[in-house]
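In the numbering used here, the protein residues as written are 158 to 312. Backbone N, C-alpha and C fix where the C-beta goes; we use that ideal spot for every residue, glycine too.
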């Protein structure tokens, strides 16, 4: 019994047959790109992007280097930067119109800075539970003698 051949499985009759797609060229319209469609192609056309070749020639608006991790004391106002440190204090408070402001202090070996989130109350509770270091990315502003980031991305 152990060495008997497996029984054939009846898979039935299939009427579905794959239809080969026509070959594409770089001069084809953007609507034929996966995920674009006619509505997306219309939005791209308004931006001057009509063909697949136009998409390939796009240059990013900016390049963000998030690999450089300066200390807080090395930061400069107006620069987009990635910093690493520990959260020392988290304060969440309601303000007008039902909004919430979350303020946190980020500290590293060389200094401290303020991180502020507007209308994102979940950030406050997540930061209070977080142990260890976080990495934050945003534009550095100087308010008095303190550096600050508003609505930074963090992990």
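Where do the N-terminal and C-terminal ends of the beta strand (DSSP E) with residue 286 fall, by residue? In the chain shown, residue 286 corresponds to position 129, counting from 1. Not the beta strand (DSSP E): residue 286 falls in the alpha helix (DSSP H), residues 278-286.
Q) How is residue 182 classed by DSSP in three states: helix, strand or coil? A) What you label residue 182 is simply residue 25 of the chain shown in a count that begins at 1. Coil, per DSSP.
Worksheet item: Where does residue 195 sit, in a helix, a strand or coil, going by DSSP?
Response: Residue mapping note: residue 195 aligns to position 38 of the chain shown, counting from 1. Helix at residue 195.
| said: Check this for me: beta carbons of residue 189 and residue 239, under 8 angstroms apart or not? | reply: Here residue 189 refers to the residue found at position 32 of the chain shown. Here residue 239 refers to the residue found at position 82 of the chain shown. Not a contact, by the Cβ cut-off of 8 angstroms.
Exercise. Mind checking whether residue 287 and residue 244 have CB atoms under 8 angstroms apart?
Worked result: Here the question's residue 287 lines up with position 130 in the chain shown. Here the question's residue 244 lines up with position 87 in the chain shown. Yes, the pair counts as a contact, with Cβ atoms nearer than the cut-off.
Q.
To test your reading of the DSSP string, which unbroken alpha helix (DSSP H) runs of 4 or more residues are found completely within the region 184-257?
A. As far as the region 184-257 is concerned, its whole alpha helix (DSSP H) runs of at least 4 residues are 194-203, 209-213.
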